[in-house]
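Read the structure below first, then the notes.
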Amino acid sequence: MKSFRARISFLKTEAGGRSDYLSSGYCSAITFREKHAQHSAQFIFVDRDRVLPGEECEAKVTLIAPEFTHSAIRFGTTFEICEGLKTVGKGTILEVL
């Protein structure tokens with residue numbers, strides 16, 4: 001599995017984000033440049049157990065099927081965190097692990 005460290009910003013509830021906190025170990029879909037393709041990922045938050053809507057954090061992100069995203073995983077790449085068709089956060093890759 002492919003992992004990277006990222007800076008994550010979750011949307012506030014009133015901006016369309018989640019209404020409840022996220023726990024470390026949270027699994028969701030992410031999209032890179034190609035908006036039509038979502039990839040399953042797990043987020044392990046660094047130095048915290050949970051994140052509230054509207055907060056920023058650093059996380060280790062592990063892709064479940066990385067063979068489909070190999071070219072997108074590099075320093076500085078941005079991505080969106082989605083739950084279904086709804087975007088709940090955004091991130092930037094800080095380091096490929």
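Reminder that position 54 of the sequence shown reads as 54 in our numbering, one-by-one numbering, no gaps. No residue lacks a Cβ here, since even glycine has one placed at the ideal position from N, Cα and C. In this text, all values refer to a predicted model and were calculated from it rather than measured experimentally.
* Asked: Within 10 angstroms of its Cβ, does residue 40 collect 16 or more other Cβ (buried), or is it exposed?
  -> Within the sequence shown, numbered from 1, the residue matching residue 40 stands at position 40. Result: exposed.
* Asked: Which partner residues does residue 48 have in the DSSP bridge list?
  -> For the purposes of this step, residue 48 is taken as residue 48 along the sequence shown, with counting starting at 1. In the DSSP output, where bridge partners are listed per residue, residue 48 has none listed.
* Asked: What three-state label does DSSP hand residue 77 in the structure shown?
  -> Taking the sequence shown and counting its residues from 1, one reaches residue 77 at position 77. Coil at residue 77, not helix or strand.
* Check whether the region 75-85 touches the region 46-56, counting contact only when three or more Cβ pairs, one atom from each stretch, lie closer than 8 angstroms. => no
* Asked: Per DSSP, what kind of secondary structure is residue 58 in: helix, strand or coil?
  -> To locate residue 58, count along the sequence shown from 1; it is residue 58. Strand.
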